[in-house]
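Here is the structure we will look at.
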Amino acid sequence: MEKEPTVHPPLILETAEITKESLRQNASFAEKILLSESIFALHSDDYDIRKVSRRRIENMLYGAARQEITPVDLSDVHVGRKAINKWIWDNIIEKNITINLLKDYLQRKMKQDAWGFYQEYKVIENFMQLAVDFHQTRAELMTDQHLLDKDFLQHAAETSGTLKEKRMISFLLKRADLNDSEQIKALNNIPLPRRTIAVHPKVQDYINQLTKEGKARNTLQNHRFSVSRFLGWLAHNVQIFKEFAPNEIPLLQVKKEHLVGFRLYLKKKIREGENSQISASECIYCVKSFFRFLNKRFGNPDPSRKLKSISAPRYRYRKLPSQEQLNTFFEVVAKYSEDPILERIAFRLMLDLGFRCSEVSQVSMEDINIHTRTIAIRSKGGEEHILPLAGKLYDDLCAIRDKSPSTKYLLGSDMKAIQTKLRNNYHLYALIAGWTFPGGLHLFRHTFITRLANKGVLPQAMKELGRFKKTDTVSLYLHIAQHHNTLSNEINKLHYH
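Residue numbers (numbering that gives the first Met the number 0): 0 to 496.
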């Protein structure tokens, strides 16, 4: 693999004294990463920790090949967020929606915010599939008459699960050529199905705590489902709990042997092919985390303290964006964002420094030191680190340093709202950029860590730069990097005639 050229820092940091001072600010970063003389074996001059300098660390984190090839002139390309709806109409709706009735409905929603308008399109897309399945025909053969069919509307009204779906069905009912107005009224008034799943009060306390910590929506759902699954298993399989509903289980009566039994149950599900190792492993992790929370918050004894986890391969291979694809993504941000520089900073913090979405939402102007070119970060577990700034990220931060934001954080005042907006906007920009990568924002952090591994950065340095708690997590990326490099080397040996 071709070595990325070194990025030289500005002249202000050419002197050794300033460099040492800037790296001396944080013990966690400076001492654990830069000044340790025992944890790194001799490997190469480039990544020998005993010969490390700020310049070499910046070359690990940044690289000329990672920066945009040409700067984007915002004055030439910026059209703003309102133009996203027209892009969705021209490039998606015109191609995928052939029924004029549905286009008419979407046309009425064009004034919505971009994310809301895209969600309206997704409702139409799902509704089209519902109609195709009901009429047993192909999508290209669907007509207005198929959608206005009385029996289909009855079926659609009974299966609708969201307010957006109900509003669309109401729109269709008003255009249906039915003589029985009372029947139309009855169809229109079918209530939304209510999904009421009783949750244990202590589980809800736990979810509330995770929400305060800024956990993602999927993370909250996984923890709620996993702990509720355990309580449901207790109610159905352990004699002393059979008289209780899952949401009424007396948690003080839960013992280690009950957790061991649940673990064996999950292992059995793995053997029978009903659960994957990863899902079972995550389930046990969530249950253990729940009991640690009860111990810390309420003083409950922790029966899971010595419970063994279920081992599983944590690395899931993901296709990563090329530099050209990343450039396209940032060009989309520059064109359609409400505040291109701020959002570019947010995404670059993830891509160039491996920030998690929750960590980006906490960044404030006080965390940024333009003079020493560093940024403070509070990572998982409350640990603080100081990381160096360089390249396009540093340039963008310099561009906003004279701004006096009225918000608590760099991107807003509410961390949860910041994270939701970043996730939603990422999906819109990725859609316009033509990305087909599964998942969400974590793709940037995944790319950051994989790049470090592919460059041959030593595992201890990767652990600190990626702010992992366990070296085991780093080994997953090193394994895939070694596999990738070995495969590349073998392919390069082949000669084609």
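Virtual Cβ for every residue (Gly too), placed ideally from N, Cα, C.
Going straight from the alpha carbon of residue i to that of residue j, what length do you get?
i	j	result
D413	D204	21 Å
Q238	I283	22 Å
I92	Y104	12 Å
S336	I385	29 Å
V286	F229	7 Å
V359	L421	10 Å
Q276	R174	51 Å
T435	K268	32 Å
H199	K241	16 Å
E30	K254	Below a pLDDT of 50, predicted positions are generally treated as unreliable, and E30, at 36, falls in that range; the measurement from the model is reported next regardless. Taking the straight line from one Cα to the other gives about 42 Å.
G433	K305	47 Å
N207	R262	26 Å
E119	N423	14 Å
Q128	I168	14 Å
S43	G390	The predicted model places S43 with a pLDDT of 45, which falls under 50 and marks its position as unreliable; any figure quoted below should be read in that light. If I take the Cα positions, the gap works out to 25 Å.
D112	L442	25 Å
F290	H235	20 Å
E383	I376	6 Å
K266	L319	32 Å
E501	F467	No information on residue 501 is available, as it lies outside the stretch 0 to 496 that the chain covers here.
F28	A333	Any reading at F28 must be qualified, since the residue scores a pLDDT of 40, below 50, and its modelled position is unreliable; the value itself is stated next. Looking at the two C-alpha atoms, the distance is approximately 32 Å.
H257	E463	37 Å
M349	R444	5 Å
P300	L233	18 Å
R355	I87	28 Å
L152	R107	21 Å
L293	P302	11 Å
P458	I56	14 Å
Y425	K415	15 Å
R367	R53	Per the sequence presented here, residue 367 reads as Ile, with Arg not at that position. If I take the Cα positions, the gap works out to 17 Å.
G272	Y264	12 Å
Y117	S278	31 Å
Q498	H154	Since the first residue shown for the chain is 0 and the last is 496, residue 498 is missing from the structure and cannot be characterised.
Around the Cβ of residue i, are there at least 16 other Cβ atoms within 10 angstroms (buried) or fewer (exposed)?
i	result
Q361	buried
F297	exposed
I83	buried
K162	For the sequence presented, residue 162 should be read as Leu rather than Lys. Classification for L162: exposed.
Q252	exposed
D401	exposed
N217	exposed
G438	exposed
S405	exposed
T446	buried
D58	Here residue 58 turns out to be Asn, not Asp, going by the sequence shown. The residue is buried, with at least 16 neighbouring Cβ atoms inside 10 Å.
S159	buried
D351	buried
E323	exposed
V122	buried
I417	buried
A197	exposed
S308	exposed
E498	Any answer about residue 498 is impossible in this case: the structure gives the chain only from 0 up to 496.
K110	exposed
N201	According to the sequence provided, residue 201 is Lys. The question's Asn does not apply to it. It counts as buried.
S321	exposed
I164	In the sequence on display, residue 164 carries Glu and not Ile. So E164 counts as buried.
S21	Because S21 sits at a pLDDT of 38, beneath the cut-off of 50, its placement in the model cannot be relied upon, and the point is left open.
State the CB to CB distance for the pair residue i and residue j, rounded to an integer number of angstroms; the pair is presumed to be in contact (CB under 8 Å).
i	j	result
G213	G353	The Cβ separation is near 17 Å, so there is no contact.
P245	G231	4 Å
L410	A345	6 Å
Y408	S363	5 Å
L60	P387	7 Å
I392	R347	Here residue 392 is Leu; the residue named in the question, Ile, does not match the sequence. Between R347 and L392 the Cβ distance is about 4 Å, and since that is below 8 Å, they are a contact.
Can you tell me whether residue i sits near the ligand FMN, meaning its C-beta is under 7 Å from at least one heavy atom of the ligand?
i	result
C397	Here there are no bound small molecules, and the ligand FMN is not part of this structure.
Counting Cβ pairs, one atom from each stretch, are 3 or more of them under 8 Å apart for the region 268–283 and the region 221–236? yes
4 or more residues per run - each alpha helix (DSSP H) lying fully within the region 310–368: 322–335, 339–352 and 356–359
Does the contact criterion of 3 or more C-beta pairs under 8 Å hold for the region 337–347 versus the region 451–465? no
With three or more beta-carbon pairs closer than 8 Å as the criterion, would you say the region 130–144 touches the region 96–103? yes
Can you find at least 3 beta carbon pairs, one from the region 382–398 and one from the region 366–374, that sit closer than 8 Å? yes
Is the region 144–154 close to the region 125–135, with three or more CB pairs under 8 Å? yes
Inspect the CB distances between the region 422–429 and the region 318–337 and report whether three or more fall short of 8 Å. yes
Ordered list of beta strand (DSSP E) runs contained in the region 375–418, each at least 3 residues: 383–387
Where in the region 213–295 do unbroken runs of the alpha helix (DSSP H), each at least 4 residues long, occur, reported from the N-terminal end onward? 216–236 and 255–270
Which parts of the region 93–162 are runs of the beta strand (DSSP E), unbroken and 3 residues or longer, counting only runs that do not cross its ends? none
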